[in-house]
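**Student:**
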Amino acid sequence: MTKVIGLTGGIGSGKTTIAKMFADYGIPIYIADDEAKKLMQSEVIVTAIRNAFGNAIFDEEKLNRGKLAAIVFKDAEKLEILNKIVHPEVKKHFENWLAEKQDFDYVIYEAAILFESGRYKDCDLIITVIAPLALRIERVKLRDQTTEEEITNRIKMQWNDLQRSEKSNFIINNVDLREVKQEIVKILKILNIKQNDS
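Residue numbers are given in the numbering used here: position 190 of the sequence shown equals residue 190, and the series is strictly consecutive.
Below you can see the structure in the form of structure tokens.
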């Protein structure tokens, strides 16, 4: 039976980059945030979001994710409402994806809020990615063209590194890519995963 490795970390920690490094070793990866963005274009989710948050977050029938983010990342209750709409659909989508990956010993499920959503309970083991806060903020500023205040609001809505680390099997400190690769190789050895490209 295929085992699920949960890969998580705070915003800007570089977890998606690290997931892709695992993919280089032939491990299938599921990026939950990317899939959620795609699923948020489906009629079912769009209708539920409109019912919950109103028309103000839509530009000519198209969901404006920036407007939605501005609401939910300042209000924990509204974020919870959004998560209850989106997460069940992501879970269903992942289960269908996983059913097609039964030839693999492991897959990676990468999600920012793995613990907060309760999805960690469905994982066989967990890797947390950490990085210094200043570096994380800088990465997100460059990636999302957003303000420090908006990034800080998102960080406040997530578990901190200590909380995540206490519930994880492995921790990767994502500062130096060479060291990160060494950590990944160590994890692959511990899990007895063949390293195709090494």
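Positions of the beta carbon are idealized from the N, C-alpha and C atoms, including for glycine.
All values reported here derive from a predicted model rather than from experimental measurement.
1. Using a C-beta cutoff of 8 Å, does ILE130 count as contacting chain B?
2. State the Cα-Cα distance for the pair ILE85 and MET40, rounded to the nearest angstrom.
3. Enumerate in chain order the residues of its own chain whose CB-to-CB distance from GLN158 is below 8 Å, with the five nearest sequence positions on each side excluded.
4. Going by alpha carbons, who is nearest to GLY14 out of ILE130, ILE31, ASP144 and LYS167?
5. Is it true that the CB of ASN160 sits closer than 8 Å to the CB of LYS74?
6. Within 10 angstroms of the Cβ of THR147, are there 16 or more other Cβ atoms? Answer buried if so, exposed if not.
7. Express the C-alpha separation of GLY26 and LEU135 in angstroms, rounding to a whole number.
8. Between the beta-carbon of ILE5 and the beta-carbon of ILE190, is there less than 8 Å?
**Tutor:** Answer, in terms of the structure:
1. Annotation note: the requested chain B is absent from the structure, which comprises a single protein chain.
2. 9 Å
3. GLY10, ILE11, ALA112, ILE113 and GLU116
4. ILE130
5. no
6. exposed
7. 29 Å
8. no
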